[in-house]
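Participant: Respectively, the protein sequence lines represent chains W and D.
Residue numbers for the first sequence follow our numbering, so the first one is 528 and each next one is one higher.
Residue numbers for the second sequence follow our numbering, so the first one is 992 and each next one is one higher.
We treat Cβ as the ideally placed atom computed from N, Cα and C, and that holds for glycine.
Fair warning: this is a prediction, and the values are worked out from it, not measured in the lab.
Got a structure for you, questions after.
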Amino acid sequence: MHELARKSIPPTPPPSSPPDLAVSPPVIKPERFEDFMTFREVFIVHFPDAKANARLRGFGHLLFEMVLATWGDWPSHREGIFPAELHAAVADMRFLQGAMSSWCGPAFSSSSEYETRLAGVGADVALAIGELADRLEVELNSWLGRPS
Amino acid sequence: MSPQAQQRISAAWPAPPPAVLASAPPGPPPEDEPPPFPAIPPEIEPERWEDFVAFRETFLVHFTEPRDNVALRGVGHLLYEMVLEYDHFPDQPEGLRRAELRAAVADLRHLEGYLTTAGGDPPDDPYEAALCRTSVRMAGEVGKIADTLEKTLGTWRGEDAS
């Protein structure tokens, strides 16, 4: 076959790929929290495409590894890293409190009995997270009165 | 970007940080300049949770250089706005509402592990030792909250019953 003709033959199409499967949020074992450091799961849930989801997680891993390798060059937290980490945990609790109140609060409506029950539990959970955040915040702010 | 999204970003970020406006990456500060006040975790008002969706605060706490912290938050906003507009992904098999709550359970499990580890090695300083004890107690309670929600969600994740 002539070289040009051979080039003009389109390649065999790949076998038809299976339908796209959506990725569900993972079950996180608390002791493996460091594998999930960068992005919130309530953000990653918007990337249900398996490849996009895996790439985003991979990027998150890389970013966290790079932070650990370089963060000594940045200014230190004045209150110390441990209280700052707990302040960050409070901020994450407030975030979840708000997200769940928004999804499961008074504006919620669904004709499904299951989802209505789920929203009721979600609203209770939002309140419980808020109470936990309050308690941790009180403990953290006791530092403000501590003599330096 | 939708006008609504633009409005939300403008409300959260009234003016772009200088590093964003500059045409070239900013260099390090002059040596005689005092060190910058480090960026600290924000106080999040729960009803403004959508301004903080992409990155965990327990991750951002490491970015103490203020302009880096602001830049990363800006990237997070951008990514979130883009993914909300992007409609080429497959649907969640069990529906978005349940998937979102399952994602919240995953975030609670992350927090449970984080608080357990953060409080696991109490130092001599009495204030920090008290914080460690609180942190471990809180981890247990966060775990119980996650259990409650997880139990209600059940094990079904949209698999075909056939």
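Near D/Leu1106, which residues of its chain fall below 6 Å by C-beta distance, leaving aside the five closest residues on each side in sequence?
Facilitator: Excluding positions up to five away in sequence, the list reads Ser1126, Met1129, Ala1130.
Participant: Of all the CB atoms in chain C, is at least one closer than 8 Å to the CB of D/Thr1055?
Facilitator: No chain C appears in this structure, whose protein chains are W and D.
Participant: At what residues does the alpha helix (DSSP H) containing D/Ser1126 begin and finish?
Facilitator: 1117-1144
Participant: Let me know if D/Thr1146 comes out buried or exposed under the rule of 16 or more other beta-carbons within 10 Å of its beta-carbon.
Facilitator: exposed
Participant: For D/Asp1138, would you say it is in contact with chain W, using Cβ-to-Cβ distances shorter than 8 Å as the test?
Facilitator: Interface residue (Cβ-Cβ distance to chain W less than 8 Å): D/Asp1138 is not classified as such.
Participant: Does the beta-carbon of D/Pro1032 have 16 or more other beta-carbons within 10 angstroms, so that it is buried, or is it exposed?
Facilitator: So D/Pro1032 ends up on the buried side.
Participant: Is D/Phe1046 helix, strand or coil when you go by DSSP?
Facilitator: Look at D/Phe1046 here: in three-state DSSP terms it is strand.
Participant: Hey, is W/Pro610's beta-carbon within less than 8 Å of any beta-carbon in chain D?
Facilitator: yes
Participant: Distance cutoff 8 Å, beta carbons only. Does W/Thr565 sit that close to anything in chain D?
Facilitator: yes
Participant: Are W/Gln624 and W/Gly649 touching if we call contact CB-CB under 8 Å?
Facilitator: Taking the C-beta atoms as reference points, W/Gly649 is found no nearer than 8 Å to W/Gln624.
Participant: State the beta-bridge partners of W/Ala715 as determined by DSSP.
Facilitator: Residue coverage of chain W in this structure runs from 528 to 675, which leaves residue 715 of chain W outside it and unanswerable.
Participant: For D/Val1044, return the contacting residues in chain W, with the cut-off set at a CB-CB distance below 7 Å.
Facilitator: Arg567, Val569, Phe570
Participant: Contact between the stretch 576-593 of chain W and the stretch 614-623 of chain W is defined here as three or more beta-carbon pairs at a separation below 8 Å; is this criterion met?
Facilitator: no
Participant: Out of D/Val1066, D/Thr1055, D/Ala1030, D/His1053, which has the shortest C-alpha to C-alpha gap to D/Val1044?
Facilitator: D/Val1066
Participant: If you pair each beta-carbon of the stretch 1072-1080 of chain D with each one of the stretch 1095-1103 of chain D, do three or more pairs fall below 8 Å?
Facilitator: no
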